[in-house]
Amino acid sequence: MAFIRATGKHRRPTRVHRGSANAAGIAGLAAVGVVGSLASPALAATGEKADVHETGLTQAIDMGGSLAQHVSDQAGEQQAAAEQAKAEAAAKKKAAEAKAEAKKRAEEARKKAAEKAKKEREAKERAERAAEAKRAKLNAFVSPIAGSYVSTGYQASSGLWSSGSHTGIDFHAGIGTSVRSVAAGEVVEAGNGGAYGNNVVIKHNDGTYTQYGHLSSIEVSVGQSVTSGQEIALSGNTGNTTGPHLHFEARTGADYGSDIDPVSYLRQHGVNV
Ligand SMILES: [Zn+2]
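Put into structure tokens, the structure is as follows:
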């Protein structure tokens with residue numbers, strides 16, 4: 090369609106122009122009185138006109154041909170450009186999608202890493218808390234008899250004791266009451282302690298010692314590690330005693346005579362006695 094229209098467009102103005110020029114030429118000749126000899130020039134003109142017309146047509150065809158080629162080239166170029174633009178747009182879209190996907194993946198990876206770090210942090214905190222609680226429990230002190238009270242104080246005077254004064258304190262307790270180690274440590278003595286009856290001595294982590302006397306039964310042995318509050322024996326009435334109770338001593342050494350005030354000792358370690 091474009092070919093036919095383009096050709097017609099170019100041909101028509103050419104013909105009109107040539108025709109007008111020829112007519113003007115003929116009119117000019119007539120005005121100067123050479124109309125008689127018009128035939129041959131007219132023929133010549135016609136021939137010329139035909140030649141021109143033909144040439145014009147040829148030109149038009151040629152023009153049309155090259156134009157068609159040009160248009161075809163243009164169309165081809167435009168189509169190629171359009172295809173290239175399309176391909177570029179598709180590539181851009183693909184790149185944008187890939188970028189978005191990469192961004193999404195990076196975000197997911199970041200989230201995952203953050204979550205993992207958070208979990209690790211929380212686990213570490215839990216472990217620290219547990220370790221702290223364990224340390225606190227290990228270092229905690231408790232009363233040797235739960236829910237009891239001191240029935241005879243430290244350094245109380247009586248002919249009952251060889252030193253003349255009480256080297257520990259007595260906790261009110263019937264026979265068979267649970268006796269606990271006041272803190273973590275290691276058993277350094279477990280057995281008959283003479284006037285103390287069945288007794289247990291424990292060395293604690295801070296280098297102090299505690300002694301438990303007049304026991305009815307012993308549940309630990311020398312060299313054994315004990316935890317704070319662990320039951321080590323049952324209270325009784327063995328040894329030099331006027332009745333069932335727990336004799337409790339705090340010492341700076343393992344042996345008799347290195348005793349310190351057990352009430353102060355327990356209170357220093359947070360035990361309410
Ligand atoms: Zn006592």
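Using the numbering used here, the letters of the sequence shown map in sequence onto residues 90 to 362.
Cβ coordinates follow ideal geometry from the N, Cα and C atoms, glycine included.
Quick caveat, the model's predicted, so the values are computed rather than measured.
Checklist entry - Any idea if Gln300 is buried or exposed, counting beta-carbon neighbours within 10 angstroms, 16 or more meaning buried? => result The count along the sequence shown starts at 1 and reaches residue 300 at position 211. Gln300 should be labelled buried.
Checklist entry - Apart from the five residues on each side of it in sequence, which residues of its chain come closer than 7 Å, Cβ to Cβ, to Gly274? => result Here residue 274 corresponds to residue number 185 of the sequence shown, with the count starting at 1. Once the five neighbours on either side are set aside, the close Cβ partners of Gly274 are Ile291, Lys292, His293, Asn294 and Val315.
Checklist entry - So is the beta-carbon of Gly257 under 7 Å away from any non-hydrogen atom of ligand 3? => result Ligands in the displayed structure: ligand 1; ligand 3 is not one of them.
Checklist entry - Below 8 Å between beta carbons: does that hold for Glu308 and Ile321? => result Your numbering for residue 308 matches position 219 in the sequence shown. Your numbering for residue 321 matches position 232 in the sequence shown. Yes; because the gap between Cβ atoms is below 8 Å, this pair is in contact.
Item to check | Residues near Arg340 by beta carbon distance below 6 Å, same chain, minus five either side | outcome: As a first step, residue 340 must be located in the sequence shown, where it is residue number 251. Correct list, in chain order: Tyr298, Ser347 and Asp348.
Item to check | Any non-hydrogen atom of ligand 1 within 7 Å of Thr241 CB | outcome: Mapped onto the sequence shown, residue 241 falls at position 152. Yes, Cβ of Thr241 sits closer than 7 Å to a heavy atom of ligand 1.
Item to check | Distance between Lys223 and Gln244 (C-alpha atoms, nearest Å) | outcome: Within the sequence shown, numbered from 1, the residue matching residue 244 stands at position 155. Within the sequence shown, numbered from 1, the residue matching residue 223 stands at position 134. Distance between the alpha carbons of Gln244 and Lys223 is about 35 Å.
Item to check | Between the CA atoms of Gly312 and Arg210 - distance to the nearest angstrom | outcome: Translated into the one-based positions of the sequence shown, residue 210 becomes position 121. Translated into the one-based positions of the sequence shown, residue 312 becomes position 223. Distance between the alpha carbons of Arg210 and Gly312 is about 39 Å.
Item to check | Delimiting residues of the alpha helix (DSSP H) encompassing Gln357 | outcome: For the purposes of this step, residue 357 is taken as the residue at position 268 of the sequence shown. Element bounds for Gln357: Pro351 to Gln357.
Next on the checklist: Going by C-alpha to C-alpha distance, which of Arg199, Gly302 and Gly325 sits closest to Val289?
Outcome noted: The count along the sequence shown starts at 1 and reaches residue 289 at position 200. Closest by alpha carbon: Gly302.
Item to check | Same chain, Cβ closer than 7 Å to Lys226, five either side skipped, listed in chain order | outcome: Within the sequence shown, residue 226 is the residue found at index 137, counting from 1. Only Ser317 meet the Cβ criterion.
Next on the checklist: Taking only three categories from DSSP, how would you classify Ser246?
Outcome noted: Translated into the one-based positions of the sequence shown, residue 246 becomes position 157. Looking at Ser246 - three-state DSSP - the assignment turns out to be strand.
Item to check | Three-state secondary structure (DSSP) of Lys201 | outcome: As a position in the sequence shown, residue 201 is number 112, starting the count at 1. Correct three-state label for Lys201: helix.
Item to check | Beta-carbon spacing of Ile279, Ser310 below 8 Å | outcome: Position 190 of the sequence shown, counting from 1, holds the residue named residue 279. Position 221 of the sequence shown, counting from 1, holds the residue named residue 310. According to the sequence shown, residue 279 is Ala rather than Ile. For Ala279 and Ser310, yes; Cβs fall inside 8 Å.
Next on the checklist: Applying the 10 Å Cβ sphere with the 16-neighbour rule, what's the burial state of Thr331?
Outcome noted: Walking along the sequence shown from the start, residue 331 turns up at place 242. Its Cβ having fewer than 16 others within 10 Å, Thr331 is exposed.
Item to check | Simplified DSSP assignment, three categories, for Gln168 | outcome: Position 79 of the sequence shown, counted from the start, is the residue given in the question as residue 168. Looking at Gln168 - three-state DSSP - the assignment turns out to be helix.
Item to check | Closest by C-alpha distance to Asn304, when choosing among Gly296, Gly328 and Gln319 | outcome: In the sequence shown, counting from the first residue as 1, residue 304 sits at position 215. The residue you asked about is not Asn; residue 304 is Leu in the sequence shown. Selected option, being the one with the closest Cα: Gly328.
Checklist entry - Which partner residues does Leu304 have in the DSSP bridge list? => result Translated into positions along the sequence shown, residue 304 becomes position 215. Answer is Asn287 and Ser324, bridged to Leu304.
Next on the checklist: Just list the residues that DSSP pairs Phe260 with in beta bridges.
Outcome noted: The sequence position of residue 260 within the sequence shown is 171, counting from 1. Answer by DSSP bridge pairing, in chain order: Val239 and Leu335.
Checklist entry - Who are the near neighbours of Asn281 in its chain, counting only those whose CB is closer than 7 Å to its CB and skipping five residues on each side? => result In the sequence shown, counting from the first residue as 1, residue 281 sits at position 192. Result list for Asn281: Asn287, in chain order.
Checklist entry - What number of angstroms, rounded off, separates the C-alpha of Glu217 from the C-alpha of Asp259? => result Residue mapping note: residue 217 aligns to position 128 of the sequence shown, counting from 1. Residue mapping note: residue 259 aligns to position 170 of the sequence shown, counting from 1. Each residue's alpha carbon lies about 39 Å from the other.
Checklist entry - Should His261 be listed as close to ligand 1, given that the test is whether its C-beta is under 7 Å from any heavy atom? => result Along the sequence shown, one-based indexing puts residue 261 at 172. Not under cutoff, so the answer is no.
Next on the checklist: According to DSSP, is Val160 part of a helix, a strand, or is it coil?
Outcome noted: Taking the first residue of the sequence shown as position 1, residue 160 is located at position 71. Looking at Val160 - three-state DSSP - the assignment turns out to be helix.
Checklist entry - Say the cut is 7 Å; is the CB of His336 nearer than that to a heavy atom of ligand 1? => result Taking the sequence shown and counting its residues from 1, the one referred to as residue 336 is at position 247. Correct: His336 has its Cβ closer than 7 Å to ligand 1.
Item to check | Pro333 beta carbon less than 8 Å from that of Ala262 | outcome: Taking the sequence shown and counting its residues from 1, one reaches residue 262 at position 173. Taking the sequence shown and counting its residues from 1, one reaches residue 333 at position 244. Yes, Cβ-Cβ distance for Ala262 and Pro333 is below 8 Å.
Checklist entry - Which whole-angstrom value describes the C-beta separation of Ser324 and Val268, a residue pair presumed to lie in contact below a C-beta threshold of 8 Å? => result Here the question's residue 324 lines up with position 235 in the sequence shown. Here the question's residue 268 lines up with position 179 in the sequence shown. So it is a contact: roughly 6 Å between Cβ atoms.
Next on the checklist: Applying the 10 Å Cβ sphere with the 16-neighbour rule, what's the burial state of Gly248?
Outcome noted: In the sequence shown, the residue the question calls residue 248 occupies position 159. Gly248 comes out exposed.
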